[in-house]
Structure formats: structure tokens, C-alpha cells
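Data first, discussion second: the structure below is written as C-alpha cells.
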Amino acid sequence: MSTFARNWQHAVVTGGAGFVGSHLCSALLAAGTAVTCVDDFSTGRRENVAPLLRHPGFTLLEANVSEPFDVGRPPDLVLHFASPASPADYLRLPLHTLDAGSLGTRHALAMAHRAGARFLLASTSEVYGDPRQHPQNERYWGNVNPVGPRSVYDEAKRFAEALSTAQAETYGTDVGIVRLFNTYGPRMRGHDGRAVPTFVRQALAGEPLTVTGDGRQTRSLCYVDDTVRGVLAAAGHGLRGPVNIGNPVEVTMLELARLVIRLAGSRSEIRYIERPTDDPAVRCPDITLARDKLQWEPRITAEDGLRRTIEWFRATAAEGAGAAAPGT
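Residue numbers (our numbering): 152 to 479.
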């Protein structure tokens with residue numbers, strides 16, 4: 152638990168059935184906080200929160216945050232994580248993505264303001280676009296194509312940051328902004344289009360790992376437990392931000408693919424495919440602000456985190472095979 156942990160009584164997590172959102176719900180419940188998870192299941196999964204339904208402090212509300220919603224009991228913490236986040240999802244749901252960043256943020260902010268709650272926006276490293284500064288610190292304004300295929304996600308988050316800042320300046324709402332860099336771990340979907348789940352799924356199936364371009368583009372991968380610690384540290388501190396939450400250790404996509412093959416004990420080969428439009432060449436956070444203000448930095452190594460992720464995917468596949476077996 153963070154040095155800046157608060158005794159939250161009731162937290163609302165929008166997008167709480169998603170990958171990161173569901174881990175946040177679990178962490179808050181473990182700390183004694185009642186949690187209302189709000190999700191429309193457009194990209195979130197019921198199985199992510201199914202074990203939490205037995206917890207007396209957990210409430211699941213199926214709702215689209217782009218429309219007005221009511222959680223009943225006023226919260227003292229609102230974590231706005233509702234948005235398609237993977238390329239496969241936001242390319243499939245472009246208008247839904249824009250609505251979540253605009254209307255969804257407005258509704259979540261209004262709820263936090265009425266309740267006098269702390270509001271934390273999950274923004275993204277995508278606000279930096281294909282960066283010309285490396286590594287990226289929070290003062291960098293980014294290099295974003297406003298009409299490219301990734302723009303629906305990039306600009307939704309940039310607008311959400313502007314809206315949250317204006318709300319704080321105009322009404323004094325207690326706002327914080329975290330810019331999450333690539334996060335991975337259990338509960339990711341194998342076909343969501345992101346590198347780690349794609350590589351792990353392919354390696355476990357013995358399929359070629361599809362590396363885009365020449366594989367020299369970099370990402371900085373943060374295990375989900377570390378990301379959750381960073382998010383809750385920012386919530387408890389009261390820092391407005393924005394503040395980068397990510398791993399400052401870079402890895403090329405080719406290095407990542409080879410590491411997954413080795414850790415999975417796979418015989419898969421590597422196949423090169425066309426690189427997506429506007430795919431960033433580099434992505435690495437400067438986390439000086441998080442270290443100085445939040446006393447936060449990642450603890451889990453890439454090998455440890457990937458081993459945990461691979462084992463989760465392997466176990467999940469085994470459970471699925473068992474459930475599908477005849478006579479069981």
C-alpha cells in the first residue's frame with residue numbers, strides 16, 4: 152500500500168470490469184474500501200469481476216458512462232477508467248471511445264464534484280503520440296495526428312485531460328490525472344491487439360509471433376500490480392498531475408517476442424508483418440515526478456511479470472479446455 156494511502160469509504164471505478172479496472176477493484180476491496188464497478192461490458196469482461204460479486208462491499212452496475220448514471224451512495228473516490236484501450240477495440244468502437252473520453256468524463260466529474268470526492272482520470276501515454284522527445288516527461292505536448300486511425304483514442308484522452316483540468320480550475324473539483332504507459336498482466340484478452348497478450352497467445356499455441364515492421368520500435372512495459380500501486384498512490388497524494396505511471400526500462404518488440412518465446416518454453420518462430428499506421432517508434436516514460444512526489448516506481452521485473460502472465464494464460468486455456476471437454 153502506498154505511503155499516501157487514504158481510508159477511502161466508497162470508490163466508484165468506471166470501466167471496473169476491464170483489465171486494469173478489475174485489478175483496481177480488487178486492490179480497493181482488499182484495503183477495506185467499498186467499491187461500485189460501473190461497466191457496459193463493451194470491452195470489459197464479467198469474468199474479471201465475477202469473484203468479487205461474493206464480497207459484501209462490491210456492487211456491479213451495468214451502465215454506459217456516456218449516459219447519465221446513478222451509483223446511489225455518494226463516493227469519496229472516483230476512478231475514471233472507462234474507455235476502449237487496445238487498438239483492436241478503439242478501431243472497432245471509434246465513436247464509443249470518443250464518447251467515453253468526453254461525455255463519460257463529464258458525467259464522472261460531475262458525480263465526483265457533487266459528492267466532494269477525489270477524481271482520478273486514467274489518461275495514457277498515447278497523448279504523446281509518436282514522440283519527438285525521448286523519454287517523455289509530463290511537460291512534453293506530444294506529436295499526435297488528429298485525424299489518423301489512432302486519433303479517436305489519443306484525442307479522447309487529450310480532451311479528457313483538458314476537461315478535467317478545466318473542471319478543477321472552474322469549480323475546485325479535486326482532480327488528478329495519471330498517464331498510464333503500457334501495462335500488462337493477467338486478465339488481458341489474447342486477441343485485444345496489444346503486443347504482450349498477442350505474443351503470449353501465439354507462443355503457447357506454437358504459432359509464429361507476429362512482429363510488426365522490423366521490430367526495433369520500443370515500448371516500456373509495466374506489470375499491472377505496479378500500475379495499480381501507482382494509481383492508488385496518485386489518488387491518495389492529491390497531486391493533480393498529469394503524472395506518468397510506467398516502467399522506464401525500454402524493450403524492443405523483437406526483444407520482447409524472443410523473451411516470451413523463451414519464458415513460455417515455446418518453439419514458435421518470428422514472422423514480420425506490416426507496421427500499423429502512426430505506430431510510435433519509441434515509448435518510454437520519464438517517471439521523475441512519480442518518484443519525487445509519490446515515492447513510486449515499478450518493482451516487478453519483465454521476466455517475473457511475463458512469467459506470471461504466461462502462467463495465467465496457460466491456466467486459463469487449460470480451464471477452457473476442461474470446460475469444453477465432453478462428459479465434464
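C-beta: ideal position from N, C-alpha, C; glycine also.
Item, Value
"Out of curiosity, what's the CA-to-CA distance linking R418 and R465?", "16 Å"
"My understanding is that L457 touches G381, with C-beta atoms under 8 Å, so please give their C-beta distance in whole angstroms.", "Rounded, the Cβ-Cβ distance is 19 Å, inconsistent with contact."
"Does R370 come out as helix, strand or coil in the three-state DSSP assignment?", "strand"
"Please classify N288: is it buried, with 16 or more other beta-carbons within 10 angstroms of its beta-carbon, or exposed?", "exposed"
"Is it buried or exposed for D250, if we count other Cβ within 10 angstroms and need 16 for buried?", "buried"
"Can you tell me whether C188 is helix, strand or coil according to DSSP?", "strand"
"Looking at the strands, I want to know which residues DSSP matches up with F209.", "V186"
"For A261, which three-state DSSP category applies?", "helix"
"Have a look at the DSSP bridge pairing and note the partners of T275.", "L331"
"Okay, do the stretch 435–449 and the stretch 367–380 touch, 3+ Cβ pairs below 8 Å being the bar?", "yes"
"Between which residues of its own chain and T184 is the CB-CB distance below 6 Å, once the five residues before and five after are set aside?", "W159, A162"
"Just mark T460 as buried or exposed, buried being the case when its beta carbon has 16 or more other beta carbons within 10 Å.", "buried"
"Is it buried or exposed, T428, if we count other Cβ atoms within 10 angstroms and call 16 or more buried?", "exposed"
"The beta strand (DSSP E) spanning H161 covers which residue range?", "161–165"
"Taking the alpha carbon of R413 as the reference point, which residue from G366, R442, V351, D376 has its own alpha carbon closest?", "V351"
"In three-state DSSP terms, what is R391?", "coil"
"Can you tell me whether R352 is helix, strand or coil according to DSSP?", "helix"
"Alpha carbon to alpha carbon, how far is V295 from V278? Give it in angstroms, no decimals.", "7 Å"
"Between R265, T361, R338, S276, which lies nearest to D227 when the distance is taken from Cα to Cα?", "R265"
"Once you ignore the five residues that flank A178 on each side, which residues in its own chain have a CB closer than 6 Å to its CB?", "V379"
"Ignoring anything shorter than 4 residues or poking outside the stretch 404–429, list the alpha helix (DSSP H) runs there in chain order.", "404–415"
"Is the CB-CB distance between G167 and C176 below 8 Å?", "yes"
"For W292 and A317, what's the separation of their Cα atoms in angstroms?", "17 Å"
"V229: buried (16+ other C-beta within 10 angstroms of its C-beta) or exposed?", "buried"
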